[in-house]
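Structure first, then comments.
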Amino acid sequence: MTQGRKSYCIICGKEKDGIEIREDNVSRAIRTINGYVRGKRLNNRVVVCKECYPKYNKYRKRYISRQRLYLILGVAVLVVSMLLSPSIGSLLFSVMIIILLYLLSLINWLPALSVSRGSISRRKAEPVSLGEKRKQ
Ligand SMILES: [Zn+2]
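In terms of the numbering used here, the sequence shown opens at residue 81 and continues consecutively.
Put into structure tokens, the structure is as follows:
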């Protein structure tokens, strides 16, 4: 679509057109790191192609549920360590665990799409005005 910019699928890595991902802090960071490694990819669009869409959904769900699990674990560590020995040391320890868990959750990282899932599957079924109102 845009001249000079190619689009790559985030799942299969092939040069394909698809639904563009939503840029977030993580994708920006990864893009920057990626840019150092292979400069030419820096300005390319990252998409999910049609063939990979079911796979993407599965991976994305797994990423979300893992992240939730890690968050619960982190809070549990914080609560338990503060109950056992309420000190700055154990607070710092808990924060470190939470950061570590967050980094672990990034192993399964997958960005959100630039369009909501509902608008893909029922693009024509729903009136436009409803979708506009619920915009985040
Ligand atoms: Zn693909």
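Beta carbons: idealized from backbone N, C-alpha and C, even for Gly.
- If you keep only unbroken beta strand (DSSP E) runs of at least 3 residues inside the region 108-195, you get 125-129.
- It is roughly 21 Å from the alpha-carbon of L193 to the alpha-carbon of I113.
- For G98, the enclosing beta strand (DSSP E) covers residues 98-100.
- Taking the Cα of N188 as reference, the smallest distance to any Cα among E131, E100, K141 is reached at K141.
- The straight-line gap separating the alpha-carbon atoms of S107 and I168 is approximately 33 Å.
- At least one heavy atom of ligand 1 lies less than 6 Å from the C-beta of I91.
- Annotation: C92 is outside any beta strand (DSSP E) and is labelled neither H nor E by DSSP.
- If the five residues before and after C92 are omitted, its C-beta is found closer than 6 Å to the C-beta atoms of C132, all from its own chain and listed in chain order.
- Sorting Y139, S87, P191 by C-alpha distance to the C-alpha of C129 places S87 at the top.
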